[in-house]
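For the sequence shown, the residue numbers in numbering that gives the first Met the number 0 are 0 to 631. Glycine included, C-beta positions come from ideal geometry on N, C-alpha and C. First comes the structure, then the notes that go with it.
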Amino acid sequence: MGYKDVYAGWQSDPEGFWMEAARAIDWDRVPSRALSEPGEGRYEWFADGMVNTCWNAVDRHVEAGRGEQVAIIWDSPVTHTKREITYVELRNRVATLAGALRAKGVEKGDRVIIYMPMIPEALEAMLACARLGAIHSVVFGGFAAHELAVRIDDAQPKCIIAASCGLEPGRVVHYKPLLDGAIDRARHKPEFCVIYQREQEVAALVEGRDVNWHGFQYGVTPADCVPVEGNHPAYILYTSGTTGAPKGVVRHTGGHLVALHWSMKNIYDVDPGDRFWAASDVGWVVGHSYICYAPLIYGATTLVFEGKPVGTPDAGTFWRVISEHRVKSFFTAPTAFRAVKREDPAGEFVAKYDLSCLKAVYLAGERADPDTIVWAQTMLGKPVIDHWWQTETGWGIAANPMGIEPLPVKLGSPSVPMPGYDVRILDEGGHEVAPGTLGAIAIRLPLPPGTLPTLWNAEERFRKSYLTHFPGFYETGDAGMKDEDGYLYIMARTDDVINVAGHRLSTGGMEEVLASHPDVAECAVIGVSDPLKGQLPLGFVCLNRGCDRPHAEIVRECVALVRDRIGPVAAFKLCAVVDRLPKTRSGKILRATMAKVADGEPFKLPATIDDPAILDEIRAALEPLGYGRLPA
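Right under this line is the structure:
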């Protein structure tokens, strides 16, 4: 069956489609139906089934005789360490950790915050919670004390599992003082903290509260898997909210298992035993879905990488890891490729490694500009597949279904909607627009399994954030269009569509043009206030390493490019060369924050910002253009 047949099969019988997909999961009690509606417009999947995530991700592979297969490869260039953990070793380690947590009183429904770097123990902590039916909430390691405190107060964990430190190129990130500061600030106090001591920094333990990772596991009885209802929360993952208060995205257990299992073969063309690498962090949704859970649920080998795309030690790190560990499918963010391209535009490092094992590269997290995709395709000689999804959905909304039928790649498009997603392009009134017309991207309810059913302790906020603008639809917050073939184009966040003298223009379209300039490594376009036209586009460009041409010359060429390809309607005249762009730690460019800086408006420093000092550099670049001045 081809993609159109599979998608049509879902459309004609959604219940049958997902019940069939659910047969791939080991259930303690098989659900009687796929979809249920508990009322008030809510939807749940496999609610009356009983199941355990850890059993499906670990134990069942051991029981099937595949215990000696490698489950996790840890590659840490920052510590010069590599380790392999088999499925049977993982089962034993997770069962022991779960037994120790249970002995300290952690039970089904209790929350556990995990605050760890990219080490195998982070996955073990997640799986140990799943084994007990406890609800984990992973907070990106090294997150500021205030932000961690906010999450402690919202989730109210019985326990926090943390590492003593994290490691960045050239520095140690002191986790334990941040954790102590967060607990001091938080109204809610955890009953105990489990501290994994890394040899790079041994942290002081608080007597009566903190226990040592190894010591508290000594002599405990390993825990068996606890079956939970299909609609039992597996985890809470906080995503930044526009109000500054984090939104706790909830993931239900049954739908999570079914959707992730379905995605591994159908989207990523992975088979049991294959080696899959998602170069992300367990603090983000990609780390949850495609470092920890999906590869293990499917019986593949997952890579846990503690390093950076450049600087650990060079721009060849990705290719070294792929070659050395025989990675079949590689998943990263476009911003990571742009960093590699900036350091190694000619791809000299690519030629140093045997990449014959690699079948395809997958991009998500930021809009993949065509220039970056073409560079990667040219250097690697492999399919480079863009796909699109969100923290809220947990897996691909639109993708190229490589395991069903590889579709023709259209540059700038993440391809087509996956089964379960009825994607529509709407105008402000909620009416569907014609192909090729820019509009708000919305998904007709119900959302498929694996997506968020609600926000943690915030049902009304869930409705207001996602369901009220377009009744009967989930509002993605992204703007884009569909073409005549049904391919989606994600052009910008809805907030990034700017209105220039009455013309609605996509900043993503302008970024695409700027990125095509041979000297531009990375770029961003924002809308700034203008008394005459309402808004004007303003571009920032970062140049390739070694480019020594006059900045004014490059700016003139960039302005001419946009004028030539988009037209005078874009009114693109403002452009600045900067050394770097402000980003979140997951690599998303902070366009909305940059726009506030440009307009001199007050803003809340985003909790996820990688380096706040960059905003001062942005302001300095704006001032010669007449923007970025602080109000008197």
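Residue range 252-265 is occupied by the alpha helix (DSSP H) that includes W261.
Annotation for L504: the continuous beta strand (DSSP E) segment containing it runs 502-505.
Pairing G346 with P549, the inter-Cα distance amounts to about 25 Å. For the set Q196, A203, D209, the Cα lying nearest the Cα of K188 is the one of D209. H60 sits buried, since 16 or more C-beta atoms from the chains shown fall within 10 Å of its C-beta. If you draw a straight line from the Cα of C356 to the Cα of R184, it comes to about 49 Å. Nearest in C-alpha terms to T453, of all of R82, K103, H231, is H231. If you draw a straight line from the Cα of R423 to the Cα of A398, it is about 15 Å long. By the CB criterion at 7 Å, F330 and A277 fall inside the cutoff. Annotated as proximal: G479 and I440, with beta-carbon spacing under 7 Å. Each residue's CA atom was taken as its position, placing Y237 and R492 some 19 Å apart. In the three-state scheme derived from DSSP, where H, G and I count as helix and E and B as strand, T392 is classed as coil. Leaving aside the five residues that flank E36 on each side, the residues in its chain whose CB is nearer than 7 Å to its CB run, in chain order, Y42. When the alpha-carbon of C522 is set against those of D529, G533, E474, E510, the nearest one is in E510. Here D109 is not near G247, since their CB atoms are 7 Å or more apart.
Inclusion of A299 and F275 in the CB contact set at 7 Å is warranted, their separation being smaller than that value. DSSP places I160 inside the beta strand (DSSP E), whose first and last residues are 158-162. Counting only runs of 4 or more residues that sit fully inside the region 442-510, the alpha helix (DSSP H) segments are 458-461, in chain order. Annotation note: the region 369-424 contains the following uninterrupted beta strand (DSSP E) runs of length 3 or greater, listed N- to C-terminal: 383-385.
By alpha-carbon distance to V201, the top candidate from Q216, C224, Y217, H173 is H173. Note that the C-beta distance between T390 and V284 is below 7 Å. L537 places its beta carbon 7 Å or farther from that of I553. Non-local beta-carbon contacts of W54 in its own chain, meaning distances under 7 Å to residues more than five positions away in sequence, involve D25, C224 in chain order. DSSP places K587 outside both helix and strand once states are collapsed to three, so it counts as coil. W44 has L34 as its beta-bridge partners, per DSSP.
Under the three-state reduction of DSSP, R325 is assigned to coil, being neither helix nor strand. Segment contact: the region 324-338 against the region 585-601, three or more CB-CB distances shorter than 8 Å; contact assigned.
Burial check for G169: the Cβ neighbour count within 10 Å stays below 16, so the residue is exposed.
Per the C-alpha coordinates, the member of F539, I84, V320, R590 positioned closest to K572 is F539. Secondary structure note for D615: its alpha helix (DSSP H) is the uninterrupted segment 612-621. Beta-bridge partners of C546 (DSSP): none assigned. Inclusion of L131 and A97 in the CB contact set at 7 Å is warranted, their separation being smaller than that value. In the structure shown, the three-state DSSP call for Y86 is helix. By the Cβ test, the region 252-261 is in contact with the region 1-21, since at least three Cβ pairs between them sit closer than 8 Å. The beta carbon of N91 lies closer than 8 Å to those of P221 in the same chain, with the five residues before and after it left out.
Counting other Cβ atoms within 10 Å of its Cβ, E123 reaches 16 or more and is therefore classed as buried.
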